[in-house]
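In what follows, a structure is listed as C-alpha cells, so that the remarks can point back to it.
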Amino acid sequence: MFVRLYADNYRCFSAFTLELSSLSVLLGSNGSGKSTVMELFAKLRDFVTGREKSLDLFPPETLCRWDKRIEQTIEVGLRLEEHGEYIYRLRIRHEAKERALNKVVEETLTLNGKPLFEGNDKEIRLHNDLQSGNPVGMQADWHVSGISRVYERNDNQKLIAFRKSFENMLVLQLNPGLVSAVATAKQLVEIPRPDCSDFAGWLRHISAADVIVRQQAEQSLAQGSLPGFRAFQATHSGDTDILECFFESKPKPLKFRLDELSSGQIALIILEVAMAASAERGGVLLLDEPSNFLGLQEIQPLLVRLQDAALEGRFQVVLTVHHPIAVDLLAASYGLWLEREPTGPSRAYRVQMAESTTDENSAMRVSDLVARGWVSALGISRTVVAQETGSATAAQ
Amino acid sequence: MPRTCNIVLVCEGWQDSAFARGFLRMAGNLKILDRTNPRGSGCGHDWVRTQFVEEVANLTRFSEGRGVLGLLDEDGQRASERENEVADVLRKRNLGSCSATEGRCLLVPTRNLETWLYWLKSHQVGSVVSIDETTDFKRQPPAGVARIDNRDCRPAGEFLHTLDHTRLPEGCPSMLRRGLAQLRDFVNAVRR
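Chains as they are written, first to last, in this note's numbering: chain H, 1 to 396; chain L, 397 to 588.
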C-alpha cells in the first residue's frame, strides 16, 4: 500500500505531503492539486517501470512557477506486508527553466531504513535482499530510472516487489469520448493511458495475459452494473481488432462497437475492467472523478464496491471526487482536503468531522458544507491554511 | 433488468453494511441503496433510528421501493427497548408497525454485530467457540480467537444465507436465530 507522497517544486506542490490509507478520497476546489496527485503517481509509475524518461515526464514546465530553484524532489512511501516500509526518493535537476534538459541526480530506495538501491548522476549501487555485503555497481543513465533497468534475480526480490507495486498501479482520468474500439496488431498496451483511449488494446492484452480479469469484468457487467451486457468480442479486420460488446436481445444478441456506446456505458465498462485487474493483482487504483459520466443510480453502487475492495484489502483505492453522493458517502471517513491559494502551493489536510457540527438534528450534509466553502466543520482551519500558504509562498 | 432500488439499507457503519450486503447478495439480484452512517456523523444509534423511520416513510410514499433493512446494535440496552424506540416513532408518525413480512426489518444483534460475526466465522471454519450475548466482543475477542477484521464481514453475511433458520446449531445466539428468520421473511416480502 502506498502510504505517503511528498513532492517539492513540482507544479503546485511545494514541500507537499499527502498521507494515504487503503481508501483515500481527495477533495477540494478546482485547481487545488487533486488531479496533479494522480498525474504525479502516473509519472512515477512510468519512470520506475522504464516506460518513459525523465526528459518526457518532467519537462521544465513541471517546475513551480513561483520557485527559482531548478531541482525537483519526489518521495513515495510504500508499505508491503511481506517486506516492510519502502521509501523511494527521486531528485531531478533541470539545466535551466528555459531548456528542456534535466538529469536524475538522486534515485534511492530504502527498505526499513536500509538501502536497497542508491543512484546518482555518476553511479548506481544495487544491494541484495539481505542488504549486506558489497553492492553491485552499474553505470548511471541521466534520464532513465536505474530501478527499471534491474533484472529480476533470486537475491533482489525486495526491489522487484517495489517495482511491481508500480506495475500494478492503474491511474485513470476517463474521457470516454476519446476511447476507440480499434486496436492495431502492433499496439501492446500493458498499462492503459489515463484517458483510456487505448482501452481496446488494453483489453486485448488482458484477454491474452490475464483472461480471468476479463471474465470477472464481464460477469460483473452482466450481473447488473451494465444492464443487458453479455460479453466482449474482438473482431479481426486486417491488422486491427475491433472491440465489440454483445447485449441481450431477442431473438439473438445485438452487438455494438465499443465506441457506439454512450459515454456512461463506456465508463462503466472501463471501471469494471480496472476493478477486476486491480483485484487480481492486489494493486492500487487511482481514479480521477469516477462518477463523471455515470447516471445517478450507478454512482453509489460503484463507490460502495470501491470502498469494499479497499477496506477488505483487495486493492488500494485513491479517488478524487466532487459529486455530492461521493462526498456524502466517503468524505467524513476517508477525506483528504486539498487547499490552495490561486497561485500558491497546495496543502493537504485530513478531514475530521467535529461531532458538534454533525448532531443528527442539525446536521448538514458534508456536500452542503463543501458547496458553501464552510470547511471548518471538516476540521480544517482556514486561518492555518492561509498562514501556511502565505508563509510558503513568501519563502520562495 | 430493472434498475429500480429494491432495498434501502440503514446501518451504523461499514461493517454492518458489508455483512448485510453479503447476505442480500446471496439472496440474489436485489438493488440496494446504502444509507450507512458516515463515520463522524453523529451517534450511530441515532443515525439508524432516524434514517430507518425516514426510509419507512419513503416506502409508504413511493410505490417503487420494496423494503428497508436496518441494523442496530443492542449494546446492553435490551433488544426489546431498541425495537420499541423505533416502533414508538413509527406509531407516532402513523407509519404502521415494523414487520419483516411487510419489508420493514430491523435487526438487533445482541450484544452487537461482533457477537454474530464471531459465531458465524467460527462455524464457517469449523472451530466452534462459545459465544454469549452479553460480552462486548468489540472490545475483546473470545478467548483464543483472532480478532475479526473487515475481511470477515461480507463472508459472514454470505455464510448466514447458507444456514437454515429452523435448524441452527446449539449455541447460536438467540437474536441471530431470530434475525435469520426475519431476513428470510424480509427477502420474501421484497420479492413479492
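Ideal Cβ placement from N, Cα and C applies to all residues, glycine included.
{"Asked": "Taking contact to mean at least 3 C-beta pairs separated by less than 8 Å, is the region 45-61 of chain H in contact with the region 163-170 of chain H?", "Found": "yes"}
{"Asked": "Can you tell me whether DSSP reads Glu289(H) as helix, strand or coil?", "Found": "coil"}
{"Asked": "Roughly how many angstroms lie between the CA atoms of Phe315(H) and Asp484(L), to the nearest whole one?", "Found": "43 Å"}
{"Asked": "Whose C-beta lies closer than 8 Å to the C-beta of Leu221(H) among residues of the same chain, with five residues either side of it excluded?", "Found": "Phe229, Leu268, Ile269, Glu272"}
{"Asked": "Below 8 Å on C-beta distance, what does Gln139(H) contact in chain L?", "Found": "Within chain L, no residue comes near Gln139(H); the closest Cβ sits about 46 Å away, beyond 8 Å."}
{"Asked": "Using a threshold of 9 Å, state whether the C-beta atoms of Asp442(L) and Leu329(H) are closer than that.", "Found": "no"}
{"Asked": "Name the residues in the region 552-568 of chain L whose C-beta lies less than 7 Å from a C-beta of chain H; which are they?", "Found": "none"}
{"Asked": "In this structure, how does DSSP classify Trp374(H) when only helix, strand and coil are distinguished?", "Found": "coil"}
{"Asked": "Measuring straight from C-alpha to C-alpha, what distance separates Leu111(H) and Glu81(H)?", "Found": "12 Å"}
{"Asked": "Just to check my reading of the structure: Gln72(H) and Ile92(H) have Cβ atoms closer than 8 Å, yes? What is that Cβ distance to the nearest angstrom?", "Found": "5 Å"}
{"Asked": "Take Leu564(L) as the anchor and find which of Glu554(L), Gly553(L), Leu576(L) has the nearest alpha-carbon.", "Found": "Leu576(L)"}
{"Asked": "How would you call Ile191(H), buried or exposed, if buried means at least 16 neighbouring beta carbons within 10 angstroms?", "Found": "buried"}
{"Asked": "Buried or exposed: where does Val524(L) fall if 16 or more other Cβ atoms within 10 Å of its Cβ makes it buried?", "Found": "exposed"}
{"Asked": "Rounding to the nearest angstrom, what Cα-Cα distance links Ser237(H) and Leu243(H) in this structure?", "Found": "11 Å"}
{"Asked": "Could you give the C-beta distance for Gln447(L) and Val406(L), rounded to a whole number, given that I count them as a contact under 8 Å?", "Found": "5 Å"}
{"Asked": "Ser391(H) by DSSP, collapsed to three states: which one?", "Found": "With a pLDDT of 39 at Ser391(H), under the threshold of 50, the predicted position of this residue should be treated as unreliable, and no value is reported."}
{"Asked": "Alpha carbon to alpha carbon, how far is Ile428(L) from Ile527(L)? Give it in angstroms, no decimals.", "Found": "31 Å"}
{"Asked": "Less than 8 Å between the CB atoms is what I'm expecting for Leu172(H) and Ser197(H), so what's the real figure, rounded?", "Found": "At roughly 11 Å, the Cβ-Cβ gap does not stay under 8 Å, so Leu172(H) and Ser197(H) are not in contact."}
{"Asked": "For chain H, find out if any of its Cβ atoms is closer than 9 Å to the Cβ of Asn584(L); answer yes or no.", "Found": "no"}
{"Asked": "Taking the C-alpha atoms as reference points, what is the distance between Arg326(H) and Gln219(H)?", "Found": "What sits at residue 326(H) in the sequence shown is Ala, not Arg. C-alpha separation (whole angstroms): 25 Å."}
{"Asked": "Taking C-beta pairs closer than 8 Å, name the residues in chain H that Arg651(L) reaches, listed in chain order.", "Found": "In the structure as shown, chain L begins at 397 and stops at 588. Residue 651(L) is therefore absent and cannot be evaluated."}
{"Asked": "Does DSSP put Trp66(H) in a helix, in a strand, or in coil?", "Found": "coil"}
{"Asked": "For Arg574(L) and Ser459(L), what's the separation of their Cα atoms in angstroms?", "Found": "28 Å"}
{"Asked": "Measuring CA to CA, which of Pro324(H), Ala377(H), Glu298(H), Leu258(H) is closest to Phe232(H)?", "Found": "Leu258(H)"}
{"Asked": "Since Arg543(L) meets chain H, which of its residues come closer than 9 Å, beta carbon to beta carbon?", "Found": "Correct list: empty, because the minimum Cβ distance to chain H is about 14 Å."}
{"Asked": "Indicate the three-state DSSP secondary structure (helix, strand or coil) for Arg421(L) in the structure shown.", "Found": "helix"}
{"Asked": "If we call anything under 9 Å between Cβ atoms a contact, is Ile544(L) one with Leu513(L)?", "Found": "yes"}
{"Asked": "Residues bridged to Leu442(H) by DSSP?", "Found": "The question about residue 442(H) has no answer, for chain H in this structure spans 1 to 396."}
{"Asked": "Could you check where the beta strand (DSSP E) with Glu107(H) kicks off and where it finishes?", "Found": "99-111"}
{"Asked": "To the nearest angstrom, report how far apart Gly137(H) and Cys245(H) are at their CA atoms.", "Found": "51 Å"}
{"Asked": "For Ala394(H), count the other beta carbons within 10 Å of its own beta carbon; 16 or more makes it buried, fewer makes it exposed. Which is it?", "Found": "The pLDDT assigned to Ala394(H) is 38, lower than 50, so where the model puts this residue is not dependable; a value taken from the coordinates is nonetheless given after this. When all chains shown are included, Ala394(H) counts as exposed."}
{"Asked": "Starting from Gly201(H), follow the beta strand (DSSP E) in both directions and report where the run begins and ends.", "Found": "Per DSSP, Gly201(H) belongs to no beta strand (DSSP E); it is in the alpha helix (DSSP H), 199-209."}
{"Asked": "Interface residues of chain H around Arg547(L) at Cβ under 7 Å?", "Found": "Glu312, Gly313"}
{"Asked": "Using C-beta distances below 7 Å, list every residue in its chain close to Lys53(H), excluding the 5 sequence neighbours before and after it, in chain order.", "Found": "His143, Val144"}
{"Asked": "Just checking: is the beta-carbon of Ser209(H) within a distance shorter than 9 Å of some beta-carbon in chain L?", "Found": "Residue identity check: residue 209(H) is Ala in the sequence provided, not Ser. No - not a single Cβ of chain L is within 9 Å of the one on Ala209(H)."}
{"Asked": "Measuring only between beta-carbons, confirm whether Ser495(L) sits less than 9 Å from chain H.", "Found": "no"}
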